[in-house]
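The numbering used here applies: residue 8 is where the sequence shown begins, and numbers increase by one. Heads up, the beta-carbon is just placed ideally off N, CA and C, and yes, glycines get one too. None of these values were measured; they are calculated from a predicted model.
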Amino acid sequence: MISSSTRPAIPEKFMPLRRDIDFLAHLLGKAILTHDGEAVFKAVEHVRMTTLALRQKFDPDVEKELLRYIHSLDIQTSTSIIRAFALYFQLVNLAEEVHRIRRKRHYESLPNHEPQKGSLEELVLKLGARGLTPPEVQKHLDRLSIEIVFTAHPTEAQRQTILTKLLRIAMLMMAHERARMTPAEEETFVAKVNSEVDALWQTEGIRERKVTPIDEAENGLFYLDQVLFDRVPRTLEKLERLLNEVYGRKIRVGEVLRLGSWMGADRDANPYVTHTITRQVAEMSRTLALKKYYAVVDELIGRCSLSSELAPPPPSLAASIKSDAKRFPAHARSLEGRFFHELYRQKLSFMKHKLKITLDGRKGYAGAKSLLNDAELVLEALRHARSALAAEVAFLCRQIRIFGFHLVSLDVRDNSQAIRKVFESRKSPEAKEVLRTIKGIRQIQDEVDPKSVTAYVISMTHTVDDVLLLFGLIRKAGLLGRIDVVPLFETIDDLRRADDVMIQLYTHRVYRQHLRKRGNIQEIMVGYSDSNKDGGFLTSGWELYKAQLDLTSAAKQYGIRQVLFHGRGGAIGRGGGPLNHAILAQPPETVQGMIKMTEQGEMIHNKYGNPYIADRNLELMLSAMMESDMLREPMELEQGWVKATEELSQLSYKAYRDLIYNDKEFEVFFDQCTPIREIQGLNIGSRPARRVAGSLKIEDLRAIPWVFSWTQSRYTLPGWYGFGSALKEWKGDRGLLTQMYRKWPFFKAQVDFMAMSARKADMHIARRYSNLVEDKAMRERIFSRIEQEYNWLQEGILELTQEKSTLPMNPTLESSIKLRNPYVDALSYFQISLLKEWRASGRTRDDVKHAVLLSINGVANGMRNTG
Numbered sequence: 008m009i010s011s012s013t014r015p016a017i018p019e020k021f022m023p024l025r026r027d028i029d030f031l032a033h034l035l036g037k038a039i040l041t042h043d044g045e046a047v048f049k050a051v052e053h054v055r056m057t058t059l060a061l062r063q064k065f066d067p068d069v070e071k072e073l074l075r076y077i078h079s080l081d082i083q084t085s086t087s088i089i090r091a092f093a094l095y096f097q098l099v100n101l102a103e104e105v106h107r108i109r110r111k112r113h114y115e116s117l118p119n120h121e122p123q124k125g126s127l128e129e130l131v132l133k134l135g136a137r138g139l140t141p142p143e144v145q146k147h148l149d150r151l152s153i154e155i156v157f158t159a160h161p162t163e164a165q166r167q168t169i170l171t172k173l174l175r176i177a178m179l180m181m182a183h184e185r186a187r188m189t190p191a192e193e194e195t196f197v198a199k200v201n202s203e204v205d206a207l208w209q210t211e212g213i214r215e216r217k218v219t220p221i222d223e224a225e226n227g228l229f230y231l232d233q234v235l236f237d238r239v240p241r242t243l244e245k246l247e248r249l250l251n252e253v254y255g256r257k258i259r260v261g262e263v264l265r266l267g268s269w270m271g272a273d274r275d276a277n278p279y280v281t282h283t284i285t286r287q288v289a290e291m292s293r294t295l296a297l298k299k300y301y302a303v304v305d306e307l308i309g310r311c312s313l314s315s316e317l318a319p320p321p322p323s324l325a326a327s328i329k330s331d332a333k334r335f336p337a338h339a340r341s342l343e344g345r346f347f348h349e350l351y352r353q354k355l356s357f358m359k360h361k362l363k364i365t366l367d368g369r370k371g372y373a374g375a376k377s378l379l380n381d382a383e384l385v386l387e388a389l390r391h392a393r394s395a396l397a398a399e400v401a402f403l404c405r406q407i408r409i410f411g412f413h414l415v416s417l418d419v420r421d422n423s424q425a426i427r428k429v430f431e432s433r434k435s436p437e438a439k440e441v442l443r444t445i446k447g448i449r450q451i452q453d454e455v456d457p458k459s460v461t462a463y464v465i466s467m468t469h470t471v472d473d474v475l476l477l478f479g480l481i482r483k484a485g486l487l488g489r490i491d492v493v494p495l496f497e498t499i500d501d502l503r504r505a506d507d508v509m510i511q512l513y514t515h516r517v518y519r520q521h522l523r524k525r526g527n528i529q530e531i532m533v534g535y536s537d538s539n540k541d542g543g544f545l546t547s548g549w550e551l552y553k554a555q556l557d558l559t560s561a562a563k564q565y566g567i568r569q570v571l572f573h574g575r576g577g578a579i580g581r582g583g584g585p586l587n588h589a590i591l592a593q594p595p596e597t598v599q600g601m602i603k604m605t606e607q608g609e610m611i612h613n614k615y616g617n618p619y620i621a622d623r624n625l626e627l628m629l630s631a632m633m634e635s636d637m638l639r640e641p642m643e644l645e646q647g648w649v650k651a652t653e654e655l656s657q658l659s660y661k662a663y664r665d666l667i668y669n670d671k672e673f674e675v676f677f678d679q680c681t682p683i684r685e686i687q688g689l690n691i692g693s694r695p696a697r698r699v700a701g702s703l704k705i706e707d708l709r710a711i712p713w714v715f716s717w718t719q720s721r722y723t724l725p726g727w728y729g730f731g732s733a734l735k736e737w738k739g740d741r742g743l744l745t746q747m748y749r750k751w752p753f754f755k756a757q758v759d760f761m762a763m764s765a766r767k768a769d770m771h772i773a774r775r776y777s778n779l780v781e782d783k784a785m786r787e788r789i790f791s792r793i794e795q796e797y798n799w800l801q802e803g804i805l806e807l808t809q810e811k812s813t814l815p816m817n818p819t820l821e822s823s824i825k826l827r828n829p830y831v832d833a834l835s836y837f838q839i840s841l842l843k844e845w846r847a848s849g850r851t852r853d854d855v856k857h858a859v860l861l862s863i864n865g866v867a868n869g870m871r872n873t874g
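Dropping the structure here:
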C-alpha cells in the first residue's frame with residue numbers, strides 16, 4: 008500500500024521504522040487484493056497517491072478532482088477505502104511503538120552510553136551526584152506514593168479484539184528484532200504476521216452494541232492481567248537494584264506505585280453504573296488477583312525441587328507445614344508419598360490449595376496478609392538455603408504487597424447534584440441508588456476486600472456543603488475513617504475558591520476526626536477537562552496552578568498532608584501531553600511525594616498495551632515524581648512572571664469565552680461542522696455524551712466528546728484557542744515571555760503543549776469541515792475568527808520561543824505528523840462527503856452511518872487522539 012519512492016528521504020535512524028511500515032503496508036495491500044479485489048486496491052492507491060501529492064505541492068484543481076472522485080464512489084467501495092486507511096494507521100502506530108523499543112535497545116547496547124533521559128538509571132545518577140545520602144533517599148521513598156487510576160471515560164475507539172490482534176503482531180515483530188533467523192524461520196515469521204493482518208482486514212472495526220460498565224471493567228483488567236501485574240513490580244524492583252548498586256547498601260523501595268480504577272464505579276451521570284455493578288467489578292478484580300497468584304505458585308511448585316537433605320530449611324518451614332496439615336487434613340493425605348524430602352514444595356502445595364478454596368468461596372486465606380505471611384516464610388527458607396529461587400518468591404511477595412486481593416482500588420464517583428437529591432427526595436430512584444451505593448461500599452470492604460473501595464469522589468464540588476452532605480451519609484453508614492472523601496474542583500470559579508472550601512472542612516470538628524483516622528491525609532481532585540472547556544487551555548492551566556498553591560498553603564496551615572489527584576485526559580485539550588513533563592511542571596511544593604493521576608481511553612492502550620512501552624512509561628512517571636520530590640527546590644516566582652501570566656490568562660479567557668459561550672451562533676456552527684452527533688453513535692463508552700439529552704448547549708456537553716469532535720474535524724481547538732489573541736493583545740515586554748519560557752517549567756509546558764496541539768491541526772481541512780455549516784454567512788464569520796486565532800498563535804509562539812519551528816522540542820513528533828497527514832487527509836475527505844450524504848438522508852441510511860463511524864475510528868487512529 009505504501010511505496011518508498013513516493014516519500015522524501017529520512018534520517019538513517021528512522022530507516023528501520025520505514026521498513027516496518029512498508030512491510031506491514033504490503034501485507035495490508037495483499038489482504039485488500041485477496042478479499043476486495045483489484046478495483047478496490049487501485050481505488051485505495053489512487054486516493055493515497057493523490058493526497059500525498061497534495062501535501063507535497065497543493066493544487067486546488069487536483070483537490071477538486073479528488074473530491075469529485077470520492078463523491079462518485081458507491082458506498083461499499085468508500086467503506087473499503089476507509090477501512091484500508093484506518094487499518095493502515097493502526098499498523099503505523101504499532102510500527103512506531105516497535106521502533107521506540109528498537110531505539111531504546113540500540114541506545115542501551117552502545118558502550119559507555121549515557122542513561123536515557125527520564126530513565127531510572129538517569130534518576131539514580133542524579134541522586135548520587137546531588138549528594139543525597141542513603142538515609143535521605145530512604146526517607147523520601149518511605150513517603151512516596153504514586154497512584155495511576157484507570158477511568159472508564161469513553162475515548163478508546165478500538166475494539167478489544169482488534170487491540171489484542173495488534174499486540175500479537177507487535178510481539179512477533181519484537182521477537183523478530185531480537186533474533187537472527189534462518190530463511191525458513193523468516194518465512195514463518197512473515198506468514199504469521201500476514202495471518203494476523205489478513206484477519207484484521209476481515210474483522211469488524213465498529214462495536215455492534217453499546218459498551219457496558221462490565222465491558223469497560225473487563226478491558227481495564229485485561230491490561231492488569233497481561234501487562235501491569237508483572238511490569239509494575241518489575242519497575243520497583245529495578246529501582247531498588249539500581250539504588251543498591253549506586254549507594255552500595257540496602258535501600259528499600261516499597262509499594263510506591265499502585266493502581267486504581269473508576270471502571271464500574273463512576274456513577275457521575277451514568278445510569279448504567281449501579282451498586283450491583285460496583286460489587287461485581289470488585290469481585291472480578293479479586294478473582295483475577297487470586298488466579299494470578301495461583302498461577303505463580305503453581306509454577307513455583309514445578310520449579311522448587313530443592314531437597315531438604317541438600318538444602319536444609321529452617322524449623323519454621325516444617326512447623327508451618329504441620330500447622331497447614333492440621334487445618335487441611337484431606338490435602339495433607341493427598342501429599343503422602345509425594346514431595347518426599349521436599350518441604351519447600353509441600354509448603355507451596357498448601358499455598359496453592361488455600362488459594363484454590365479461596366477462589367471457590369471457602370475459607371482458605373482470610374486476606375492478602377495471610378498469603379503474604381506464607382510467601383515470606385518460603386522466601387526466608389529459600390534465602391536460608393541460599394537458593395537463587397528466592398528472587399522469584401521475593402517478586403511474588405512484592406506483587407502481593409502491591410495488589411493484595413483487591414488488585415485495584417476502586418474510586419466511587421458521583422455528581423454533587425445526585426448527592427443533594429438524597430436530601431430532597433429519599434424515595435426517588437436516584438436517591439435510593441446513592442444510598443445503596445454507600446451501603447454497598449461497607450459490604451464490599453467487609454466481604455470482598457478492605458482495599459477494594461477506598462475513595463468517594465464528588466464531581467462538580469462547589470461548596471463545603473457538597474462535601475459535608477456526602478460525609479454525613481458515609482458517617483451514618485459506618486464508614487468514618489474507612490474511605491477518603493474527595494472533592495473534585497472542575498470549573499474555573501470552583502478552582503478559585505477551592506482553598507476556602509477546604510479550610511471550612513479542616514476546621515469542621517467531626518470531619519477532623521475522620522481525617523485523623525485517615526492519618527491526617529486529605530485527597531483533593533482537580534479537573535483539567537471541564538476547566539478547559541470552561542475557560543480555555545491557558546486559563547485552565549493557570550487556575551489549576553494557582554489553586555494547587557492555595558490548597559497546599561491551606562493544608563500546611565492546618566497540619567494536613569494533601570494528595571492532589573490530577574484528572575487528566577488523553578488529549579492536550581483535556582490536560583494530556585507527556586506525563587513526566589506535566590509532573591515536573593507542577594509547583595514543587597505542591598507534590599510532597601504524593602500524587603494521583605487518571606489514565607483513560609486510548610491512552611491506557613497506548614501506554615500500557617505493550618509490556619516494553621509500559622516499562623518506559625512507568626519509569627518516566629516514577630523518575631519524574633522522584634526528581635520533583637527529591638531534587639527540585641520550591642521556586643520563588645518573579646512577580647513579573649505572575650503578573651504577565653495573569654494578564655495573558657485574562658486575555659485568553661475573554662477570547663475563548665467570546666467565541667464559545669457569548670457567540671449565539673457558535674453552538675449551531677459546532678453542531679454542524681463537527682461529527683459530534685455521529686460520535687454519540689459510536690459505541691465507545693457506557694456513559695451518555697451529554698448531561699442533558701437533546702441539548703445543544705456547550706455547558707451540557709461532556710468534555711470528552713467536546714475534544715473528540717474538534718480532533719476529528721482537524722481543528723484541535725480546545726488545546727490552543729485563546730492564546731493567540733492573548734499574545735496579540737498583550738502590551739508587555741516580549742523578552743519577558745521568552746525568559747519565562749526558558750526558565751519556568753510551568754510556562755514552558757503550557758506553551759509547548761499548545762504548540763503540539765496546534766501542530767496537529769490543519770486549517771485547510773478544517774475549512775472543508777466548516778462547509779458542512781448550512782448558513783454561509785455564519786460559517787465564514789466564525790471560521791475566519793478561528794483561522795485568525797490560529798495564525799496569531801503560530802506567529803506568537805515563534806516570537807516567544809525564538810525558534811524557527813513550533814515543534815523544535817520534538818522532531819520525532821514532527822516527523823510522525825508529516826508521515827500521517829496525507830492519509831488522515833484522505834479519511835477526512837471521505838468523512839466530510841459521507842457526513843453530507845448522511846445528513847441529507849435524514850440520518851436514516853445504516854450503510855452510510857457505518858462508513859461514517861469507520862472514518863471516525865480511522866481519524867482517531869491517525870491523529871492518535873480521541874478525547
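Query, Result
"So, is E796 buried or exposed, given that buried needs 16 or more other C-beta atoms within 10 angstroms?", "buried"
"Would you kindly work out how many angstroms separate the C-alpha atoms of W737 and T652, rounded to a whole number?", "10 Å"
"With a CB to CB cut of under 6 Å and the five nearest residues on each side skipped, what residues in its chain are close to T546?", "S656, S659 and Y660"
"Would P494 and I465 be called neighbours here (beta carbons separated by less than 8 Å)?", "yes"
"According to the neighbour-count rule (16 or more other Cβ atoms, all chains shown, within 10 Å of its Cβ), is G212 buried or exposed?", "buried"
"So, is F430 buried or exposed, given that buried needs 16 or more other C-beta atoms within 10 angstroms?", "exposed"
"How is F572 classed by DSSP in three states: helix, strand or coil?", "strand"
"Between the beta-carbon of V570 and the beta-carbon of E626, is there less than 8 Å?", "no"
"By the DSSP assignment, the alpha helix (DSSP H) with R90 in it spans what residues?", "I82 to S116"
"Give the straight-line distance between the Cα atoms of A858 and S85, rounded to the nearest whole angstrom.", "8 Å"
"Who does E606 pair with in a DSSP beta bridge?", "F157"
"Can you give, in chain order, each stretch of the alpha helix (DSSP H) that sits fully within the region 213 to 267 and has at least 4 residues?", "220 to 230 and 236 to 254"
"Can you find the residues in the same chain that come closer than 6 Å, C-beta to C-beta, to L487, ignoring five residues on each side of it along the sequence?", "H521"
"For L134 and P240, I'd like the C-alpha separation in whole angstroms.", "21 Å"
"Flag this pair as touching only if the region 860 to 867 and the region 711 to 722 have three or more C-beta atom pairs under 8 Å; answer yes or no.", "yes"
"Buried or exposed, going by whether 16 or more other CB atoms sit within 10 Å of the CB of T162?", "Residue confidence for T162 is low, a pLDDT of 44 falling below 50, so the modelled location carries little weight and cannot support an answer."
"Here's a check: name, in chain order, each residue in its chain whose Cβ is nearer than 8 Å to the Cβ of L910, leaving out the five neighbours to either side.", "Given that the chain is displayed from residue 8 to residue 874, the structure contains no residue 910 and the question cannot be resolved."
"What is the rounded straight-line gap between the Cα of K359 and the Cα of Q353?", "10 Å"
"Apart from the five residues just before and just after T470, which ones in its own chain have a Cβ nearer than 8 Å to its Cβ?", "V508"
"Residue ranges of each beta strand (DSSP E) run of no fewer than 3 residues wholly in the region 418 to 467, ordered along the chain?", "460 to 466"
"Measure the alpha-carbon distance for L861 versus M56 and round it to whole angstroms.", "21 Å"
"If I measure Cβ to Cβ from R175 and keep anything under 8 Å in the same chain, skipping five residues before and after, which residues do I get?", "E203"
"Could you pull out every residue in the same chain whose Cβ sits closer than 8 Å to the Cβ of S693, ignoring the five residues on either side in sequence?", "Low confidence applies to S693: its pLDDT is 48, below 50, so where it sits in the model is not reliable enough to give any reading."
"Out of curiosity, what's the CA-to-CA distance linking S330 and N380?", "13 Å"
"Between D541 and T498, how many whole angstroms is the CB-CB distance? I'm expecting something under 8 Å.", "5 Å"
"Does DSSP classify E290 as helix, strand or coil?", "helix"
"Which whole runs of the beta strand (DSSP E) in the region 696 to 736 are 3 residues long or more, in chain order?", "none"
"Drop a sphere of 10 angstroms on the beta-carbon of N669, count the other beta-carbons inside from all chains shown, and report buried for 16 or more, exposed for fewer.", "exposed"
"Would you tell me roughly how many angstroms separate the C-alpha atoms of I567 and G368, rounded to the nearest one?", "40 Å"
"On the criterion of 16 or more Cβ atoms from any shown chain inside 10 Å, does K483 qualify as buried, or is it exposed?", "exposed"
"Locate the alpha helix (DSSP H) running through L362, then write down its first and last residues.", "L350 to L366"
"I need the boundaries of the beta strand (DSSP E) containing F402, first residue and last residue.", "Element bounds for F402: not the beta strand (DSSP E) but the alpha helix (DSSP H), A397 to F410."
"Between the C-alpha atoms of N201 and D501, what's the straight-line distance to the nearest angstrom?", "54 Å"
"Run through DSSP, which three-state label would N864 get?", "helix"
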